[in-house]
Amino acid sequence: MNQESLDALKRKLADLEAEVIRMRAQAESYKFLTEDTKEFRRFVQQERHEDRLTLETLMKWGSVGAGLLTGLFGGFLSFLGWKTWADAKEQIKRSTEAIQKNSEEQIQRSSEAIQKDAGQHLIRIREEAAGQLQRLVESSVAGVRENVQALDTLIRRELQYQRSRVLVVGRPDGLEGMAEEVALLERKGIQVTRASHPVDDLPGRIRRAEIDIVLYRYHPDIGFDLDGKALPPVDPAFRPTLDAIVESGHPVPVLVYATSAVTGGDNEAFRAYRWGTFANTAATVVSHVYMLAHLFQGGQQQ
């Protein structure tokens, strides 16, 4: 996967995450406001219903009271004889109408006050909903930002891994058996170069940051002393290669691929080199190269 493809993937993922957040926020807002509007409508309808019942009750009792007052005043005026019945009836009518009007006005003012309070309550609810929605969006955006950052880190690491330049070096007879391992590294995107010992200007190539990792294929010979005893197996090309790496003065990592134990002077020399490690299978070669690619870049420790 090249840089442009990875960048495009990253942008598409970020756009998709942003669209999901926006749609989720709209859905939550619509759902909340819909439920709140239904609740407010039920509240207003209930208040209006109670107002009508109150008005009907007042009118009913007003009519009953008017009748009682009419009878009482009629009897009283008839008893006193100081005013006509028609005048008394007209006065009672005006009083009843005034009471009814005052009652209606009071009910109207109460209804308006209730609706005003309910409207203010609805405004507060909507403001709280907006605040909760904003916090939800901010929380979701923060989560998406973390995911994007994690993806960006993963992409950068993968690119760094694929940009690593590995020099596979060793004796010709040892490199012949490295075809499978080299192919595996190349399938992972690693830039692999093979070179038989001796490598031309190895210290200079390391100084110029042309090599990030040296993979040495250790292939020892078995020798015998004058008495016919077997000597510790050594790779005659290993020490000169290691000396050339040390001569560069740069801490380039060295991975020694040996299917058997490295012993004797070769082991002692390699143990003295601070930036070296061993691999004994094809799988450990790939895993060690991956690890070293993230610790080193251009011959510099990260």
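Residue numbers (the working numbering): 3 to 304. Just so you know, even glycine gets a beta-carbon here, dropped at the ideal spot from N, CA and C.
Assigned with DSSP and collapsed to three states, V248 falls in helix. The beta carbons of R209 and Q193 sit about 19 angstroms from each other, so the pair does not count as a contact at 8 angstroms. With fewer than 16 neighbouring CB atoms inside 10 Å of its own CB, P200 falls in the exposed class. Bounds of the alpha helix (DSSP H) holding T286 are 284-297. DSSP places V170 in the uninterrupted beta strand (DSSP E) bounded by 167-172. Of E249, E92, R219, the smallest CA-CA separation from T283 is found for R219. For G278, no alpha helix (DSSP H) encloses it; the enclosing beta strand (DSSP E) starts and ends at 278-281. Taking C-beta atoms as the reference points, D237 and R173 count as a pair closer than 8 angstroms. Around the beta carbon of G176, a 10 Å sphere encloses 16 or more other beta carbons of the protein chains shown; the residue is thus reported as buried. Around the Cβ of L297, a 10 Å sphere holds fewer than 16 other Cβ atoms; the residue is exposed.
For I208, the uninterrupted alpha helix (DSSP H) run begins and ends at 204-209, by DSSP. Residue environment for A295: buried (at least 16 other C-beta atoms within 10 angstroms of its C-beta). Looking at the DSSP output, R219 sits in a beta bridge with G172, Y259.
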